[in-house]
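Below is one structure, written out as structure tokens; comments come after it.
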Amino acid sequence: MNYLAHLFLSGDDEDLRLGNFIADGVRGAKLLLYPERVQEGVRLHRLIDSFTDTHPIVAETKERLRPKYSKYAGVVADIFYDHFLAANFQAYSSISLAAFAEQAYALILSRPELLPERVQGFLPYMVQQNWLVGYAQVAGAARALHGLSRRTTFVSGMETAGEELQLHYTFYQQEFERFFPELQAFVEEQITLIEN
867 MNYLAHLFLS GDDEDLRLGN FIADGVRGAK LLLYPERVQE GVRLHRLIDS
917 FTDTHPIVAE TKERLRPKYS KYAGVVADIF YDHFLAANFQ AYSSISLAAF
967 AEQAYALILS RPELLPERVQ GFLPYMVQQN WLVGYAQVAG AARALHGLSR
1017 RTTFVSGMET AGEELQLHYT FYQQEFERFF PELQAFVEEQ ITLIEN
């Protein structure tokens, strides 16, 4: 899952949400420098990634993507799934995607002292270009993938992944719709364990 899903799955707890968002930029013992609840958000992010990476439905998606995108199939799948969450956000949330994105950006921007260098690097572009809302359009997901392709060390082919999404849209959407409720249930269980 990508940024939108990680932010959304955190619920209303701001520290948990922030930790979930910054997790990829938090390495090793640096985790212990954060407030406890932010640490829990980082750990939740990792649990979400592990659940997603080992799930048989996600494996179907990655298998379809692997011939074109090899080791980047998982990255492409993450963006595709964020697209489907964004495009159908009203089915999962009581507030609009635009309102959710605005709240998320405001939260992240209000805590600059907790943002890893990696997040500080991309955050201005994320907010200015409104990535979270942009994911709702195939063109927005394609832009994200094209940007990722420019930052990879090896040839990834991700610049063509928008075309792949359009070509097999129904297959990917069905896989997302089968997978996401299971992920939601898993995350709700994990948050309950954190709170007890």
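Quick note: the sequence shown uses the numbering used here, first residue 867, plus one each step. Note that beta-carbon positions come from the ideal geometry of N, C-alpha and C, so glycine has one too. The structure presented is a predicted model; accordingly, all values stated were derived computationally and were not measured.
With distances taken between CB atoms, is the gap from residue i to residue j smaller than 7 Å?
i: LEU973; j: GLU880; result: yes
i: GLU1041; j: GLU926; result: yes
i: ALA952; j: LEU870; result: yes
i: LEU1031; j: VAL999; result: no
i: VAL993; j: GLY891; result: no
Do you know how far the Cα of residue j is from the Cα of residue i?
i: ASP948; j: GLY877; result: 16 Å
i: ILE1057; j: LEU913; result: 11 Å
i: ARG1016; j: ARG893; result: 24 Å
i: ALA1087; j: ALA895; result: With the chain covering only 867 through 1062, there is no way to say anything about residue 1087.
i: LEU1049; j: THR918; result: 7 Å
i: PRO1044; j: GLY1028; result: With the sequence shown as reference, residue 1044 is identified as Arg, and Pro is not the correct amino acid for it. The straight-line gap from Cα to Cα measures roughly 21 Å.
i: PHE1052; j: PHE946; result: 20 Å
i: LEU882; j: TYR900; result: 11 Å
i: PHE1046; j: THR920; result: 14 Å
i: LYS934; j: PHE966; result: 33 Å
i: LEU1033; j: GLY1023; result: 15 Å
i: LEU1059; j: ASP915; result: 17 Å
i: SER959; j: ARG909; result: 23 Å
Helix or strand or just coil, what does DSSP make of residue i?
i: VAL892; result: coil
i: GLN1003; result: coil
i: ILE961; result: coil
i: GLY885; result: helix
i: ARG932; result: helix
i: TYR1038; result: helix
i: THR1018; result: coil
i: GLY1023; result: coil
i: ASP816; result: A question about residue 816 goes unanswered here, because the residues of the chain that appear run from 867 up to 1062.
i: THR1058; result: helix
i: MET992; result: helix
i: TYR900; result: coil
Using CA atoms only, rank isn't needed, just tell me which of the options is closest to residue i.
i: VAL904; options: GLN1032, LEU981 and GLY1000; result: LEU981
i: ASP944; options: ALA957, LEU899, VAL924 and TYR958; result: VAL924
i: TYR938; options: GLU1025, ALA1002 and PHE950; result: GLU1025
i: SER936; options: LEU1059, ALA895 and VAL1021; result: VAL1021
i: ALA1002; options: PHE955, VAL942, GLU1054 and GLU1055; result: PHE955
i: ILE888; options: PRO978, PRO933, THR920 and ALA965; result: PRO978
i: THR1018; options: LEU897, VAL941 and MET867; result: VAL941
i: GLN969; options: TYR1035, LEU884 and ARG909; result: LEU884
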